[in-house]
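Worksheet: the structure to be examined is printed underneath.
There are 2 protein chains.
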Amino acid sequence: MATGFPPPLLDRLSYLLGKLHFRALEAEGEGLASLNVNVKQHAALSVLVEEGPMTQQELGQRMGIDRTTVVSVVDGLDDGGLVERRRSPADRRAYLLTLTPSGCDAEERGRHLVAEAEKEILEGLDEPDRARLRELLVRALGTG
Amino acid sequence: MATGFPPPLLDRLSYLLGKLHFRALEAEGEGLASLNVNVKQHAALSVLVEEGPMTQQELGQRMGIDRTTVVSVVDGLDDGGLVERRRSPADRRAYLLTLTPSGCDAEERGRHLVAEAEKEILEGLDEPDRARLRELLVRALGTG
DNA sequence: AGATGATAATCAGTAGTACTGTTTAATTGC
DNA sequence: GCAATTAAACAGTACTACTGATTATCATCT
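Protein sequences appear in the order of chains F and U.
Okay, so the first sequence: first residue is 393 according to our numbering, each after it adds one.
Okay, so the second sequence: first residue is 393 according to our numbering, each after it adds one.
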């Protein structure tokens, strides 16, 4: 159909961000599909790689998602053998989410797949501009 | 709590876009609340201001939303007296969505409220950088 | 030690959103 | 003038992430 984007919406920040966000989720999701993890699950793996074992509560806070949502995210990773729910010795109510070797591997491979997918999304921009866009987004978000 | 953003997610495009998109929707929505329209409704008004009366079908295509979603968006605008559903003389199945005077007025005022809200969202950036960000987003989206 | 209150994970139910599929009325093409 | 198509509307559905309640464990106070 190629109706294009309506000019009046192109200077609406939420519209621009929404459209691009949707594309990004879609592309990253397709990229990760071969690993049997979705975007959120791979994000969780990355946090665990970077910051080490932590409880579901902590993971949720780090990722900005609800505690009950963490349960289902971790369920998937657990079923796939990518993380283990180990009882914390310090607090036996909590799990220490721990990456398995194949979890580490999946994170590593996923990172490349995501990077590729993102290059596709931003194919309208050359490399310096892609970097500029990222930098501006991070700066706009601020520290927290 | 100020847990900040986890570094591993800050180079994930979907994460950056998602967070900022959420903030943008929230801020724009609050800005528009005084006019009793939500973000999507105001976007519809803007399209109608810019491109004149059109059918719901066309509006949906222009905005990239489903035909049935258009029904509820227009319901709200109709209830608020901001648009009228006039039967198209050329095709009596279709409505020609037409702005009322107060619809025009609301669009105009809303545009300023949205602009203010967006300045808040991007308070981490100065004006040239805000313009650069918009430009990059538009270019990344491409033509359609 | 025992009682009280808080917390981690889980689960069931719910709310919000946008969709699919169907219906009605009107149009187009043969 | 009849069949196929289309605009709008509506009901039901699917998906997502939430609230609230439950269980087990921990921390605190007496």
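Ideal Cβ placement from N, Cα and C applies to all residues, glycine included.
- request: Could you give the DSSP three-state label for U/Arg484: helix, strand or coil?
  value: To locate residue 484 of chain U, count along the second sequence from 1; it is residue 92. The answer is coil: DSSP assigns U/Arg484 none of H, G, I, E or B.
- prompt: In chain order, which alpha helix (DSSP H) runs of at least 4 residues are fully inside the segment 465-517 of chain F?
  reply: For the segment 465-517 of chain F, whole alpha helix (DSSP H) runs of length 4 or above, ordered along the chain, are 493-513.
- prompt: How many whole angstroms separate the CB atoms of F/Val506 and F/Leu424, which I take to be in contact at a CB cut-off of 8 Å?
  reply: Counting from 1 along the first sequence, the entry for residue 506 of chain F is found at position 114. Counting from 1 along the first sequence, the entry for residue 424 of chain F is found at position 32. The Cβ separation is near 7 Å, so the contact holds.
query: In chain F, which residues lie with their C-beta within 7 Å of the C-beta of U/Leu514?
result: For the purposes of this step, residue 514 of chain U is identified with residue 122 of the second sequence, where counting begins at 1. The contacting residues are Ala532.
message: Relative to the C-alpha of F/Lys432, which candidate in F/Ala482, F/Arg477, F/Leu417 and F/Gly396 has its C-alpha closest?
response: For the purposes of this step, residue 432 of chain F is taken as the residue at position 40 of the first sequence. The option with the nearest alpha carbon to F/Lys432 is F/Leu417.
query: Is any beta-carbon of chain U found at less than 7 Å from that of F/Leu427?
result: Taking the first sequence and counting its residues from 1, one reaches residue 427 of chain F at position 35. No, no contact with chain U.
- prompt: Does any C-beta atom of chain U lie closer than 7 Å to the C-beta of F/Val465?
  reply: Here residue 465 of chain F corresponds to residue number 73 of the first sequence, with the count starting at 1. For F/Val465, the closest Cβ of chain U is not nearer than 7 Å.
field: Proximity test, Cβ basis, 7 Å: F/Lys511 and chain U
entry: For the purposes of this step, residue 511 of chain F is identified with residue 119 of the first sequence, where counting begins at 1. Answer no: the Cβ-Cβ gap between F/Lys511 and chain U never drops below 7 Å.
- request: Quick one: measure Cβ to Cβ for U/Leu514 and U/Leu528, integer angstroms, because I've assumed they're closer than 8 Å.
  value: Locating residue 514 of chain U in the second sequence gives position 122, where the first residue counts as 1. Locating residue 528 of chain U in the second sequence gives position 136, where the first residue counts as 1. Going by Cβ atoms, the distance from U/Leu514 to U/Leu528 rounds to 13 Å, so no, they are not a contact pair.
- prompt: Residues of chain F with CB under 9 Å from U/Met455, in chain order?
  reply: Counted from its first residue, the second sequence places residue 455 of chain U at position 63. One finds Pro398, Leu401 and Tyr407 in chain F with Cβ atoms closer than 9 Å to the Cβ of U/Met455, taken in chain order.
- prompt: If contact means a Cβ-Cβ distance below 9 Å, which residues of the segment 515-526 of chain F contact chain U?
  reply: Glu515, Gly516, Leu517, Asp521, Arg522, Arg524, Leu525 and Arg526
query: Shortest alpha-carbon distance to F/Pro493 belongs to which of F/Tyr487, F/Arg501 and F/Ala486?
result: As a first step, residue 493 of chain F is located in the first sequence; it is residue number 101 there, counting from the start. Checking every option, the nearest Cα to that of F/Pro493 belongs to F/Arg501.
Coil, strand or helix - F/Met393 by DSSP: For the purposes of this step, residue 393 of chain F is identified with residue 1 of the first sequence, where counting begins at 1. Annotation note: pLDDT 43 at F/Met393 (below 50); position unreliable, no value reported.
- request: Just grab the DSSP bridge partners of U/Met446 for me.
  value: Counting from one through the second sequence, the residue named residue 446 of chain U turns up at place 54. Beta-bridge pairing links U/Met446 to U/Leu489.
message: Quick check on the burial criterion: 16 or more other C-beta atoms within 10 angstroms. Buried or exposed for F/Gly396?
response: Within the first sequence, numbered from 1, the residue matching residue 396 of chain F stands at position 4. The residue is exposed, with fewer than 16 neighbouring Cβ atoms inside 10 Å.
- prompt: Under 7 Å between C-beta atoms, does U/Glu418 make it to chain F?
  reply: Counting from 1 along the second sequence, the entry for residue 418 of chain U is found at position 26. By this cut-off, U/Glu418 is not an interface position.
message: At the 7 Å Cβ level, is U/Thr535 part of the contact set with chain F, yes or no?
response: Taking the first residue of the second sequence as 1, we reach residue 535 of chain U at position 143. Yes, contact with chain F.
- request: Compare the C-alpha of U/Leu474 against each of U/Asp458, U/Pro445 and U/Ser480 and name the closest.
  value: Position 82 of the second sequence holds residue 474 of chain U. Closest by alpha carbon: U/Pro445.
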